[in-house]
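Written out below as structure tokens is the structure these notes cover.
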DNA sequence: ATATCAAAGGTCAGTAATAGTCAAAGTGTA
DNA sequence: TACACTTTGACTATTACTGACCTTTGATAT
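Chains as they are written, first to last, in this note's numbering: chain A, 733 to 883; chain B, 733 to 883.
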């Protein structure tokens with residue numbers, strides 16, 4: 733098993749013990765596993781992505797940290813399934829269909845649905861060129877969906 | 733938690749007890765937390781800015797003081813005022829200050845605040861080049877705020 | 001009044017402590 | 001051999017802390 737897998741399972745262990753959340757120091761982790769700090773970022777982006785059901789937050793500077801939170805996915809399979817159906821790009825019509833579907837299944841409430849639709853609307857994304865808009869839309873959409881699962 | 737966070741929560745405590753206003757001595761505070769006096773200014777400018785919803789007054793010389801007051805505004809007014817003070821560009825720190833202010837004034841609930849922060853986070857906007865990110869952030873932010881008013 | 005002094009607080013640029021990005025180089029496996 | 005996955009490190013960005021130097025205010029002496 734490679735270093736990245738070791739780091740990932742170490743993080744998983746911490747998360748387990750702490751009840752769903754792991755607060756890490758990138759520098760410490762890198763030292764513990766004798767790797768460069770950026771490998772921690774690699775592990776996080778390949779194994780703790782929204783598609784995997786995790787929310788990642790961080791802060792730089794003195795006292796900085798990386799916090800990884802596992803999202804409660806069991807009762808909300810539809811949302812995670814949607815996150816995984818969305819690739820690198822997402823057009824507005826498809827997004828609307830997803831939201832409508834999830835709303836109909838009571839995966840979230842109307843207010844949340846409206847906020848999500850507003851955040852990925854053409855108006856909100858108007859500073860972005862139309863060709864690029866669907867890429868950004870996909871990213872915001874996935875982050876928002878996973879975020880609704882956090883408690 | 734770093735010294736700056738400790739100082740900030742100490743100030744918040746005082747403000748709480750005193751019903752919305754805290755009158756401090758910079759020198760005293762610095763001694764209490766074993767830091768240089770200028771760190772107090774750092775804490776105030778990073779955590780008690782007008783964007784955060786505070787007014788800061790001070791006086792030098794003998795009997796000098798720093799007074800921090802929480803400003804009160806009706807939720808709707810605060811949201812509209814915020815929308816109007818955001819120009820074509822908005823950095824994440826300033827946005828976070830605004831959100832924290834509106835949250836503290838009960839302009840919206842925690843869940844909404846988190847959705848907004850997620851929608852404009854660097855992670856959600858990662859497909860956009862950093863130079864362009866603040867432009868898009870401003871647009872999404874304003875649309876979301878206006879959208880919370882439509883109920 | 002005026003000059004002077006002591007006691008606050010203010011500014012700003014520099015240093016330290018963290019984390020993030022990206023592309024090149026390495027590794028293993030179908 | 002291709003190809004995907006992993007590892008590395010140079011460069012960048014952000015946040016916290018420090019200290020030298022500056023400004024304002026009130027009191028006191030002349």
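A virtual CB, placed ideally from N, CA and C, is assigned to each residue, including glycine. All values derive from a computational prediction rather than experimental measurement.
query: For residue 803 of chain B, the nearest candidate out of B:774, B:781, B:740 and B:881 (CA to CA); result: B:781
query: Neighbourhood of residue 800 of chain A by C-beta, 6 Å cutoff - its chain only, sequence neighbours within 5 removed; result: 754, 780, 786 and 788
query: Burial state of residue 784 of chain B (16 or more Cβ within 10 Å); result: buried
query: Short Cβ contact (8 Å threshold) for residue 876 of chain B with residue 848 of chain B; result: yes
query: Host beta strand (DSSP E) of residue 787 of chain B (start-end); result: 786–791
query: Completely contained beta strand (DSSP E) runs for the region 737–806 of chain B, where each covers 3 or more residues; result: 753–756, 786–791 and 797–802
query: Residue 855 of chain A - containing alpha helix (DSSP H), residue span; result: Premise fails: residue 855 of chain A is in no alpha helix (DSSP H) and is neither H nor E.
query: Pairwise C-alpha distance: residue 873 of chain B and residue 853 of chain A; result: 12 Å
query: Chain B contact for residue 769 of chain A (CB, 8 Å cutoff); result: no
query: Residues of the region 819–835 of chain B with Cβ closer than 9 Å to any Cβ of chain A, in chain order; result: 820
query: Buried versus exposed, by CB contacts within 10 Å (16 or more), residue 797 of chain B; result: exposed
query: contact_flag[the region 825–836 of chain A, the region 822–842 of chain B] where n(CB pairs < 8 Å) is 3 or more; result: no
query: Whole-angstrom distance between residue 850 of chain A and residue 840 of chain B, CA atom to CA atom; result: 16 Å
query: Candidates B:743, B:747, B:858 and B:808: closest to residue 765 of chain B by CA position; result: B:743
query: Minimum length 4: unbroken alpha helix (DSSP H) runs contained in the region 810–836 of chain B; result: 824–836
query: Interface partners of residue 815 of chain A on chain B, CB under 8 Å; result: By Cβ distance, chain B contributes nothing, its closest Cβ being about 13 Å from residue 815 of chain A, past 8 Å.
query: Nonlocal neighbours in the same chain, by C-beta distance under 8 Å from residue 767 of chain A, ignoring five residues either side; result: 735 and 739
query: Cβ-Cβ distance between residue 870 of chain A and residue 805 of chain A below 8 Å; result: no
query: Cβ-based burial, residue 857 of chain B [other Cβ within 10 Å; buried from 16]; result: buried
query: C-alpha gap between residue 791 of chain B and residue 865 of chain A, whole angstroms; result: 50 Å
query: Nearest-angstrom Cβ-Cβ length linking residue 810 of chain A and residue 837 of chain A, presumed shorter than 8 Å; result: 5 Å
query: Range covered by the alpha helix (DSSP H) that runs through residue 808 of chain A; result: Segment: none, residue 808 of chain A is in no alpha helix (DSSP H) and carries neither H nor E.
query: Alpha helix (DSSP H) segment containing residue 882 of chain A, residue limits; result: Counting along the chain, residue 882 of chain A falls outside any alpha helix (DSSP H), and DSSP gives it neither H nor E.
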